[in-house]
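Below is one structure; the comments refer to it alone.
Residue numbers (this note's numbering), protein chains in the order written: chain A, 1 to 421; chain B, 1001 to 1421.
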């Protein structure tokens, strides 16, 4: 297909999704929950087909010699698939965000002005080779009353087609339109380009993936985008910190799951406690096979550190690597984070009241922590229920996004003949 | 200047604004209010300079033969300027949105997770030849703790320079950085282009103006945009409506201020009451010099109507013109609004409970009204205080945007050594 007919096809899907979204506006919570439960059952019943399709994708990816990490993200087994289905049941159990009255009040002229939570409409999700995202995103979007257009990575195409076929089949048995969940089955770049430019039909795009994907979308989209992503996260150990606690938090933030966006990437240490803290922390981290890179001051304290270069301060390793810098003051730490941070998750470890408050106020990030691990930036951990991603922008949603972030609001106004003077 | 050096200059202003925004993060309400009051006084004290600069702009615009409406939007006199200054004092009197705790709770592991309102950072405002916007936007952005970069229309350049000079002068006498308010004094298109692409430095763009401006920004910006704008607003008169009330609401919505975005543009009338309503409404409207255009059914009832063409349904007249259509049902009215509306302000006039509820639920717009005039879509009227614009998009803010909509949130987390299992 040439890019024009791809764009045409995507546009048609967007129009069909918009029509489905119109029906979803008046879907009741019971209707949406029944659909989610039917989708979960359908995924389990179709597990043979889905796992066979997934096997096809995995074989093709292996034949291309792509990385083991990619294969791991792509591969499904019955346990993973059933976990995704169970996830839909959990979403069904969450409170419905739609219809909540955010505010309501009576104006001096008697008008009653309310602000009510409504679905966004049509949500486009652009993501990479993770078939579980297909299930999660469809479930969350549906629960919030939205139609969804899914554009997954080419490596997962067969898996995604089988998953969406099962979910669509399930929707046919419910009161909701099966067109509420749509997969773009063309994995040419032109289909992403087309999706990004459906303003008027698609209400929001959520790209989930690496820096390249996100910046392509930011650069080219005419549809509003919620930026998710990169976490170059810091922990600053202030001079008043409890050093034993600091050691355990640093190990946790770096090692518990190094490949995710809320993992620690650079450790900042106040010079007055650097000599007490760094040797033992370095030992702990090295025992867990973390490669350590340090500024000259930290190298002077722990000679086994590699030299950190300028580039290290700006790198999200997503790996067992940690950069370490000794700083002279709280303000130097805040300045470093301002310069190199990505506005994701930042922590101070301190027992100083004033410093804790200043760090919370001055650090401009989605999540700012005192005396705990950056790894908690997560919808479940924050009590939002399932999460569709972590926003690192400041509009609409910041930090973990749950069901509420998949809604908009509208003003409704009850009058009895008022006119404006 | 060539476009490269223009872009360079805009980038420098954005960097300076970012630095100012950093200081504003910790500005207290008292500091911000003092600055607003100082700015108001400075505008009054500098009124001779400002009015002289404005006169220069007005003379130039008149010499170019531009429209009287544009001259009216551009021209300042002492009364208008003092009203703008008074507006700053009103903003100082509004509650500070920053620092409000949106939510706070304790998680099972003892973490205290709160969501707190914080400034957005740097806001870019792109607007046309209205010097009062320079004052209003600067005041609202500052109160919400943001630095602002103003890019007004070329016709108002001298006025804007004089106004910003006075406000900056005032800031120098306060605790806040004068760089918090910046004017782009280059009116080449390249400066707008450059401003739209400062992602990483500018947090949000708010374009205020006509369709051309808004769509250029949507098309080209890499910075997140809040779309404001167009209102192709409808009133649907259901068969159970109180017809006397309907007449007064229709006249108000069309005539009270026809040039604004919440004015009525198309009237939809249920066929069962069309013969009772249309002749008298037409007479009222024609007495106020409104040109009426109608579908064939409405022409059959009121022969003096001009013929409405297909294009009329999609036109925001912003003038004393009204399109009229007779519809067979509530659902036909909702369908018409779905097809031609711009998601701004829509009203039903009815005494039918079920129809009122259905209209409120199914019409997808920023403000949906029962039995009152669309003219109320306004920050002051809704009780938000002053307004920076009316969002017609669904992300972040929808409808009138007040101070709260000029903020973001961040999660703050208090721990005592928690790590993630």
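Quick reminder that beta carbons are idealized off the backbone N, C-alpha and C, glycines included.
Checklist entry - Quick one: does residue 1111(B) have its CB under 8 Å from some CB of chain A? => result By the rule that beta-carbons nearer than 8 Å mark a contact, residue 1111(B) touches chain A.
Checklist entry - Given that a residue counts as buried once 16 or more other Cβ atoms are within 10 Å of its Cβ, and exposed if not, what is residue 30(A)? => result exposed
Checklist entry - Is it buried or exposed for residue 12(A), if we count other Cβ within 10 angstroms and need 16 for buried? => result Counting of Cβ neighbours within 10 angstroms places residue 12(A) among the exposed residues, the total staying below 16.
Checklist entry - Which residue comes first and which comes last in the beta strand (DSSP E) that contains residue 1414(B)? => result 1407 to 1414
Checklist entry - Between which two residues does the alpha helix (DSSP H) containing residue 1255(B) stretch? => result 1243 to 1255
Item to check | Euclidean distance between Cα positions of residue 1418(B) and residue 1110(B) | outcome: Taken atom to atom, the span from the alpha-carbon of residue 1418(B) to that of residue 1110(B) is near 8 Å.
Next on the checklist: Would you say residue 1409(B) lies against chain A (beta-carbon separation less than 8 Å)?
Outcome noted: yes
Checklist entry - What residues from the segment 1341 to 1362 of chain B come within 7 Å of chain A, judged by C-beta to C-beta, listed N to C? => result 1360, 1361 and 1362
Item to check | Rounded separation between residue 160(A) and residue 1265(B) - CA only | outcome: Computed Cα separation, rounded: 45 Å.
Checklist entry - For residue 5(A), which of 346(A), 190(A) and 216(A) has the nearest alpha-carbon? => result 190(A)
Next on the checklist: Determine, for residue 365(A), whether the minimum Cβ-Cβ distance to residues of chain B falls below 8 Å.
Outcome noted: For residue 365(A), the answer is yes, since a Cβ of chain B falls inside 8 Å of its Cβ.
Checklist entry - For the ligand NAD, any of its heavy atoms closer than 7 Å to the Cβ of residue 142(A)? => result As far as ligands go, the structure on display features none, and thus does not contain the ligand NAD.
Checklist entry - At a Cβ threshold of 8 Å, is residue 1317(B) touching chain A? => result no
Next on the checklist: Contact between the segment 356 to 365 of chain A and the segment 1077 to 1084 of chain B is defined here as three or more beta-carbon pairs at a separation below 8 Å; is this criterion met?
Outcome noted: no
Item to check | DSSP bridge partner residues for residue 1369(B) (one or two, in chain order) | outcome: 413(A) and 1347(B)
Next on the checklist: Suppose the cutoff is 8 Å on Cβ atoms and the five residues either side in sequence are ignored; what does the same chain contact list for residue 47(A) look like?
Outcome noted: 78, 81 and 82
Item to check | Anticipated Cβ contact below 8 Å, residue 58(A) with residue 71(A), distance rounded | outcome: 6 Å
Item to check | residue 54(A), buried or exposed, once every other Cβ within 10 Å from all chains shown has been counted against 16 | outcome: buried
Checklist entry - Ordered along the chain, which non-local residues of its own chain (more than five positions away) have a Cβ less than 6 Å from that of residue 1153(B)? => result 1128 and 1129
Item to check | Residue of 295(A), 310(A), 269(A) and 321(A) minimising C-alpha distance to residue 328(A) | outcome: 269(A)
Checklist entry - Given that residue 1419(B) touches chain A, what residues does it touch there, using C-beta distances under 7 Å? => result For residue 1419(B), the chain A residues whose Cβ falls inside 7 Å of its Cβ are 248, 249, 252 and 373, in order along the chain.
Checklist entry - For residue 107(A), which residues in chain B fall below 8 Å Cβ to Cβ? => result Proximity of chain B to residue 107(A) at the Cβ level (cut-off 8 Å) is accounted for by 1381, 1382 and 1383, in chain order.
Item to check | Residue closest to residue 1260(B), alpha-carbon to alpha-carbon, out of 1313(B), 1318(B) and 1415(B) | outcome: 1318(B)
Item to check | Residue span of the alpha helix (DSSP H) that contains residue 171(A), given as start and end | outcome: Where residue 171(A) is concerned, the enclosing alpha helix (DSSP H) starts and stops at 157 to 172.
Checklist entry - Where does residue 1080(B) fall in DSSP's three states? => result helix
Next on the checklist: Do residue 406(A) and residue 123(A) count as a contact pair if the criterion is CB distance below 8 Å?
Outcome noted: yes
Next on the checklist: With DSSP as the reference, identify every bridge partner of residue 1294(B), one or two as the case may be.
Outcome noted: For residue 1294(B), which the question treats as bridged, DSSP gives the partners 1307(B) and 1324(B).
Checklist entry - What distance in whole Å lies between the Cβ atoms of residue 411(A) and residue 1399(B), which are believed to be in contact at a cut-off of 8 Å? => result 5 Å
Item to check | Proximal residues of chain A, C-beta to C-beta of residue 1415(B) below 7 Å | outcome: 369, 370, 371 and 372
Checklist entry - Candidates 416(A), 139(A), 376(A) and 7(A): which alpha carbon is nearest residue 188(A)'s? => result 7(A)
Item to check | Chain-ordered neighbours of residue 398(A) on chain B, where CB pairs are closer than 7 Å | outcome: What residue 398(A) touches in chain B: 1408, 1409 and 1410.
Next on the checklist: For the pair the segment 1140 to 1153 of chain B and the segment 1019 to 1029 of chain B, tell me if three or more CB-CB distances fall below 8 Å.
Outcome noted: yes
Checklist entry - Would you call residue 1084(B) buried or exposed, if buried means 16 or more other Cβ atoms sit within 10 Å of its Cβ? => result buried
Checklist entry - Taking Cβ positions, are residue 374(A) and residue 235(A) nearer each other than 8 Å? => result yes
Checklist entry - Nearest to residue 1287(B) by CA position, among 1303(B), 1320(B), 1227(B) and 1095(B), is which residue? => result 1320(B)
Next on the checklist: As a quick exercise: from 1316(B), 1325(B) and 1314(B), pick the residue whose alpha carbon is nearest that of residue 1306(B).
Outcome noted: 1325(B)
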